[in-house]
Amino acid sequence: MMLGVEEILCELEREEMNEQGLPPGFRFHPTDEELITFYLASKVFNGSFSGVEIAEVDLNRCEPWELPDVAKMGEREWYFFSLRDRKYPTGLRTNRATGAGYWKATGKDREVYSASSGGLLG
């Protein structure tokens, strides 16, 4: 029996998910609150935290077209832990340079509030 392309892709996805210990159909789509309260807080306050879902990336050494290869999960959205590099040792400006160009800042920073308490999370 020959498998079609769709069946092969589904089987590869199933094998990949099983390697990560996740059930078929699992989609990683956390809210902003979940990202801060569980993943980021665990990363910052628990040195042994190893997020299966979120890769660590040095964005100053990684180009945008390389990100899909280092992402641990996701098709349209990817999540990464990355330290901010300062442009100048004593300054506040962020270094956005890479080997082939620079990262362009887009959008605005926005505050994230707890859904239950209404308190500011980040």
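Going by our numbering, the first residue of the sequence shown is number 973, and it counts up by one from there.
Yeah, the Cβ is synthetic: ideal placement off N, Cα and C, and Gly gets one too.
From residue i to residue j, what distance separates their C-alpha atoms?
i            : j            : result
residue 1057 : residue 1044 : 23 Å
residue 1075 : residue 1069 : 6 Å
residue 1065 : residue 996  : 43 Å
residue 1073 : residue 1050 : 21 Å
residue 1048 : residue 1037 : 13 Å
residue 1039 : residue 1032 : 12 Å
residue 1004 : residue 1062 : 30 Å
residue 1034 : residue 1046 : 18 Å
residue 1010 : residue 999  : 17 Å
Should residue i and residue j be called a contact, given that it needs their Cβ atoms to be closer than 9 Å?
i            : j            : result
residue 1093 : residue 1008 : yes
residue 1024 : residue 1042 : no
Does the ligand ZN have even one heavy atom less than 8 Å from the beta-carbon of residue i?
i            : result
residue 1017 : No copy of the ligand ZN appears in this structure; indeed no ligand is present at all.
What alpha helix (DSSP H) runs, 4 residues minimum, are completely inside the stretch 1023-1067? Runs found: 1039-1042.
So does the stretch 1044-1055 actually touch the stretch 1071-1083, counting three or more Cβ pairs closer than 8 Å? As far as the Cβ criterion goes, the stretch 1044-1055 does not touch the stretch 1071-1083, which means the pair count is below three.
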